[in-house]
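**Student:**
Chains as they are written, first to last, in the numbering used here: chain A, 1 to 327; chain B, 328 to 654.
1) Using a Cβ cut-off of 7 angstroms, pull out every chain A residue sitting near residue 469(B), in sequence order please.
2) In chain A, which residues lie with their C-beta within 8 angstroms of the C-beta of residue 475(B)?
3) Kindly list, in the order they appear in chain B, the residues whose Cβ is closer than 8 angstroms to that of residue 163(A).
4) Kindly say whether residue 156(A), judged by its beta-carbon, lies nearer than 7 angstroms to any beta-carbon of chain B.
5) Near residue 342(B), which residues of its chain fall below 6 angstroms by C-beta distance, leaving aside the five closest residues on each side in sequence?
6) For residue 11(A), which of helix, strand or coil comes out of DSSP?
7) Rounded to whole angstroms, how far is the Cβ of residue 151(A) from the Cβ of residue 84(A), which I believe are closer than 8 angstroms?
8) Is the CB of residue 160(A) under 7 angstroms away from at least one CB in chain B?
9) Does the structure place the region 521 to 533 of chain B close enough to the region 487 to 499 of chain B that three or more beta carbon pairs sit under 8 angstroms?
10) Can you list, in chain order, the residues of the region 122 to 143 of chain A whose Cβ is nearer than 7 angstroms to any Cβ on chain B?
11) Thinking C-alpha only, which one of 430(B), 452(B), 366(B), 377(B) is nearest residue 558(B)?
12) Skipping 5 residues on each side, what residues in its chain have a beta carbon closer than 8 angstroms to that of residue 463(B)?
13) Tell me, which residues are paired with residue 6(A) by DSSP?
14) Give the straight-line distance between the Cα atoms of residue 123(A) and residue 78(A), rounded to the nearest whole angstrom.
15) Can you tell me which residues form a DSSP beta bridge with residue 291(A)?
16) Is residue 398(B) helix, strand or coil by DSSP?
17) Which stretch, first to last residue, makes up the beta strand (DSSP E) that contains residue 126(A)?
18) For residue 379(B), name the three-state secondary structure that DSSP assigns.
19) Given residue 433(B), which residues of its chain have a CB within under 7 angstroms of its CB, disregarding the five upstream and five downstream residues?
20) Identify, in the order they occur along the chain, each residue of the same chain with its Cβ nearer than 6 angstroms to the Cβ of residue 257(A), setting aside the five sequence neighbours on each side.
21) Using the beta-carbon count (16 or more within 10 Å), is residue 569(B) buried or exposed?
22) What three-state label does DSSP hand residue 357(B) in the structure shown?
23) Which stretch, first to last residue, makes up the beta strand (DSSP E) that contains residue 256(A)?
24) List the residues that DSSP assigns as beta-bridge partners of residue 143(A).
25) Can you tell me the Cα-Cα spacing of residue 34(A) and residue 23(A), whole angstroms?
26) To which residues of the same chain is residue 338(A) closer than 7 angstroms at the C-beta, ignoring the five residues directly before and after it?
27) When you compare only the Cα positions, how much space is there between residue 155(A) and residue 590(B)?
28) Is the region 575 to 584 of chain B in contact with the region 612 to 627 of chain B, if contact means three or more CB pairs nearer than 8 angstroms?
29) What's the C-alpha gap between residue 25(A) and residue 316(A)?
30) Consult DSSP for residue 555(B) and reduce its assignment to one of helix, strand or coil.
31) Please confirm whether residue 392(B) and residue 435(B) have their CB atoms less than 7 angstroms apart.
Here is the structure:
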């Protein structure tokens, strides 16, 4: 099994590569080669028995995708993307990476298949940003995609291309609309959604964190650990079950900020929760008001995708995976 | 008022140009210039007081869109497209014209606006092909787009781009999901949907027609006349009413083939209806089974879009507009 991961230097890309190396196989087939690509050279995970090719490549350069596909990966995890905030600030860059980059990759697979039979599986990371307000309190599997950001637009277009290429048998694709990943490890960042992670991760490390919205803001979350298992499920399940509808809203856990803080208090004590400083920010409140709050991800659940079922569990996953199991 | 029509040599493009010339104004502003573009040079409509520029241009050639936009049309009717059957047969051509061509046009508007303030209105023709089975008997305004053809995929992508460019204020866009246009004038063609028109148009002209499906097949129709009025409404209405959701399923009339034939009998007599020859074609039956049958186009109706409310009316529109009012 020969695997390509784009966006492999990102948080999820790194965790996915580590997970693949730890298991050593995918769907019963030994992983022989791992190609890791990102705009900066990704780190090769330690302890892999097979070959690792880690390289820097700009997927919006049309010459790159054919090179990545030339060694015929059986499995393509396409995680590379310009994130929401940056795609909104830089219109051209967002379309170049998120739309053109994705299309170049899909086209390269088609061109490779024209030389000799080839039909890899493609796991595409989409996002709940494909949905835009107004929407019902709980968004079901047949609700329409009306993104309110260029990022959401680019992801929705990627979904459509993925479905059409899959329908035509060019590759076997699945698109995963990830919930907001919480608790994101690392430093606080400026993403409008950053506070969902900051208010847990920082207090768990004994640091102050800023909460810019009210406690009744509700959102849709899954841990990095759950996200990696989504990828594993998508990589190994029978995709004929999807029919022509190749894009799935994944399960998550819907919680208010108040419920997040209550879980933090239960797991780490009132002292941790006291490190959260309220600094209401009208601009962030306004952005967050346009975000989905809850989903009925029935289809993905029926297909065996699983997320956490409490915020305590999400916090404990972070303590296990990032803090060595200790506070 | 300076107007650009792409796809101006097509049936709807021609009728729209004639309609604009007949009225001479749009939203109270005199039409001074009409630029008509298609892959073949469109015919200039007779009797226009202003300037007509009719030219052949391939919109999938990136150098063309900037030229079309250089004279800063106030209104762009973007009708140019490879039709469903051809886009399905020729993957590259469909994506080149329907996706790249649309994107080049949108990008050219953005580039022009970067030189000096410019924000035209863009009326984009989408299609009910953005929907793919399974769907409810009546598709509502919030049902998701899961196209089962490359054409439907390309139109759904055009809709997403239109909404994002409009949201960013680059242009003021509206996407119109046209019903199947019936009765299409001209010769019978090989489009899988051709029979919906053939079984009326040919008998009305005293000719035999072939019906390849059963009489209980239900579909969604509007006349060419209604389609032109959709464009006029889209060109003159206040688009702020749309908010961020720039794409509309238009009203139509839902009828079974049996109901079409009953209307033909009422309008033109049993002798006309007797010219329909039943030749069941399993392949066409299968294609048509995946097509939408009925819509609840509530939003467009509330915004003032109107279609016919009986098939008799659709047939009479054809007799008036194509047969000089006589059978």
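Think of the CB as a built atom: it goes at the ideal place given N, C-alpha and C, for glycine as much as any other residue.
**Tutor:** This is what the structure holds:
1) 143, 144
2) 167, 244
3) 473, 474, 480
4) yes
5) 551, 555
6) helix
7) 4 angstroms
8) yes
9) no
10) 132, 142, 143
11) 452(B)
12) 470
13) 37(A), 78(A)
14) 6 angstroms
15) Answer is none; residue 291(A) lacks a bridge partner.
16) coil
17) 121 to 127
18) strand
19) 488, 492
20) 215, 217
21) buried
22) strand
23) 253 to 256
24) 470(B)
25) 13 angstroms
26) Here chain A has residues from 1 to 327 only, and residue 338(A) is not among them.
27) 45 angstroms
28) yes
29) 27 angstroms
30) helix
31) yes
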